[in-house]
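> According to my numbering, the sequence shown is numbered sequentially starting from 120.
Provided herewith is a single structure, encoded as structure tokens, for subsequent inquiry.
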Amino acid sequence: MSDAAVEADAQGLGDDLGGGEYAADCQARVAFEVLSNRWDSVIVYILGESGAMRPRALITRIGGISPKVLNEALRRLEYNGLVVRQAYAEAPPRVDYSLTEAGLALLGPIRAMGAWAGRYTEAVLAAQASFAPPEDRPYRS
120 MSDAAVEADA QGLGDDLGGG EYAADCQARV AFEVLSNRWD SVIVYILGES
170 GAMRPRALIT RIGGISPKVL NEALRRLEYN GLVVRQAYAE APPRVDYSLT
220 EAGLALLGPI RAMGAWAGRY TEAVLAAQAS FAPPEDRPYR S
């Protein structure tokens, strides 16, 4: 059994996901689909670290995301049950977003993916660069 499988079993994550490991109906695919968007895992991580936040605060904290893209991501996360939108009956109107139980449960896997990225980003970029024509290869010092 691999180290990852042993760790998953220790955390109670080694349960049968249905449909076999790589079948079309494997439940693990839902998790990958839910966070397949570029910004979704970033938003989940920041809400998990900071607690409930208003959209403007999220934009400031994330950096590089437009209000339109943030709104789309928040709606998608809300649709997937990872984020809850709390609207307040005030003038001016106020809205904040926070994680649901399912959203909070993703913080561990997101941290694990961050650790993986920290360890393997250079190898992935090198592999990608080997497929690009020399003039298109990213400069890496």
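The C-beta atom is built at its ideal place from N, Cα and C for all residues, glycine as well.
Leaving out five residues before and five after Ile178 in sequence, what residues of the same chain have Cβ atoms less than 7 Å from its Cβ?
The residues are Ile184, Pro186, Leu189.
> Give me the Cα-Cα distance between Ala171 and Cys145, rounded to the nearest whole angstrom.
Between Ala171 and Cys145, the C-alpha separation is close to 32 Å.
> Measure from the C-beta of Ser249 to each C-beta in chain D and report whether the shortest distance is under 8 Å.
Here there is only one protein chain, and chain D is not present.
> What is the C-beta distance between Leu166 and Val202, in whole angstroms, given that I count them as a contact (C-beta under 8 Å)?
Indeed, because the Cβ distance is near 7 Å, the residues count as touching under 8 Å.
> Find the nearest neighbour of Val161 within the set Ala221, Ala150, Gly182, Gln205, judged by alpha-carbon distance.
Nearest of Ala221, Ala150, Gly182, Gln205 to Val161, Cα basis: Gly182.
> Looking at the structure shown, is Ala206 part of a helix, part of a strand, or coil, going by DSSP?
DSSP places Ala206 in strand when its eight states are reduced to three.
> Could you tell me whether the Cβ atoms of Arg195 and Asp159 are closer together than 8 Å?
For Arg195 and Asp159, yes; Cβs fall inside 8 Å.
> Tell me whether Ser155 sits in a helix, a strand or coil according to DSSP, three-state version.
Coil at Ser155, not helix or strand.
> Within a Cβ cutoff of 8 Å, which residues of the same chain sit near Pro174, ignoring the five residues on either side of it in sequence?
Pro186, Leu189, Asn190, Leu193, Val214, Tyr216.
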